[in-house]
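> Provided herewith is a single structure, encoded as structure tokens, for subsequent inquiry.
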Amino acid sequence: MTCSTRETIVDNAQPDPCLLLSRTIWTETTADLHRRTEGCHESGAFLLGRKTAHGRQVQAVIYYDELDAKAYDSGVCVLHADAFGKLWNRCAELSLSVVADVHIHGRGAWQSAWDRQNPMIARPGHLALILPLMARLPVRRWAIGVYEYLGDHRWRSHGGREVSRVLKIEENH
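If you use our numbering, the sequence shown corresponds to residues 82 to 254, in order.
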């Protein structure tokens, strides 16, 4: 017997999103995120870029602590309202938009209840990546949590084997 609900229909009807990053941006971002944890708290960043026919192309990164000096004070990533004004100004300066966000967990890459209830960008289709183990190198792609916001505090997971379909790390050209 097959059972369909609104959630399963939405989950199954949506195509997988695609996030494209150069190897250089990926390597620098993961290393910077690890360094910013200071070995004791989360860190995070917004991935800025453009949506193209091939997916969301990341072209720049802005770290949470560059927007809000107190972003990591509680041990988890928390941005205060004025940080978002700085974010939108930076996007306008670069003619880019937020295509995803990424943050670090000390252990696994699962979404906490806080993560689920407090999306950094609460717009359907937004991608949130979670890197495990304080982003200690090497960060294995299959260990990354990739979550797509569906709206109304609902998420679609693209973890495990699905990560390679969503997160594309390209060799530099």
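All residues carry an ideal CB built from backbone N, CA and C; glycine is no exception.
In this text, all values refer to a predicted model and were calculated from it rather than measured experimentally.
1. Check for me: the alpha helix (DSSP H) holding isoleucine 106 runs from which residue to which?
2. With leucine 101 and glutamate 229 assumed to form a contact (beta carbons below 8 angstroms), what rounded beta-carbon distance in angstroms separates them?
3. Quick one: what does DSSP say lysine 132 is sitting in, helix, strand or coil?
4. Report, in whole angstroms, the separation of the C-beta atoms of leucine 148 and leucine 175, which I expect to be a contact under 8 angstroms.
5. Note down, in chain order, each residue of its chain lying with its Cβ closer than 6 angstroms to the Cβ of histidine 239, except the 5 sequence neighbours on either side.
6. Can you tell me where the alpha helix (DSSP H) with tyrosine 145 in it begins and where it stops?
7. Give me the residue from Ala112, Thr105, Ser103 and Ile106 with the minimum Cα distance to leucine 214.
8. With a threshold of 6 angstroms on Cβ separation, who are the neighbours of glutamine 138 within its own chain once the five nearest residues in sequence on each side are excluded?
9. Could you tell me the alpha carbon to alpha carbon distance between leucine 46 and isoleucine 143, rounded to whole angstroms?
10. Alanine 173 to leucine 128, Cα distance in whole Å?
11. Mind checking histidine 115: buried by the 16 CB within 10 Å criterion, or exposed?
12. Let me know if serine 155 comes out buried or exposed under the rule of 16 or more other beta-carbons within 10 Å of its beta-carbon.
13. How would you label proline 96, buried or exposed, when you count the other beta carbons within 10 angstroms and need 16 or more for buried?
14. Quick one: residues in its chain with C-beta nearer than 7 angstroms to the C-beta of serine 245, no 5 flanking neighbours on either side, listed in chain order?
15. Near proline 200, what residues of its chain come up, given a Cβ to Cβ distance below 7 angstroms and the 5 sequence neighbours on each side ignored?
Reading it off the structure:
1. Going by DSSP, isoleucine 106 is part of the alpha helix (DSSP H) stretching over 104-117.
2. About 16 angstroms; that fails the 8 angstroms criterion.
3. In the displayed model, lysine 132 falls within a strand according to three-state DSSP.
4. So it is not a contact: roughly 14 angstroms between Cβ atoms.
5. Same-chain partners within the cutoff: Val227 and Val247.
6. 145-148 is the span of the alpha helix (DSSP H), which, as asked, contains tyrosine 145.
7. Nearest in C-alpha terms to leucine 214, of all of Ala112, Thr105, Ser103 and Ile106, is Ala112.
8. Setting aside the 5 residues that flank it on each side, glutamine 138 is surrounded in the same chain by Leu101, Gly130 and Arg131, each with a C-beta closer than 6 angstroms to its C-beta; the list follows chain order.
9. The displayed coordinates of the chain run from 82 to 254. Any statement about residue 46 would go beyond what the structure contains.
10. About 14 angstroms.
11. The residue in question, histidine 115, is buried, as its Cβ has 16 or more Cβ neighbours within 10 Å.
12. Serine 155 counts as exposed, since fewer than 16 other C-beta atoms from the protein chains shown sit within 10 angstroms of its C-beta.
13. Counting the other Cβ atoms within 10 Å of the Cβ of proline 96 gives fewer than 16, which makes it exposed.
14. Excluding residues within five positions, the ones whose Cβ falls inside 7 angstroms are Arg222.
15. Sequence-distant Cβ neighbours of proline 200 in its own chain, meaning closer than 7 angstroms and more than five residues away, are His207, Ala209 and Tyr230.
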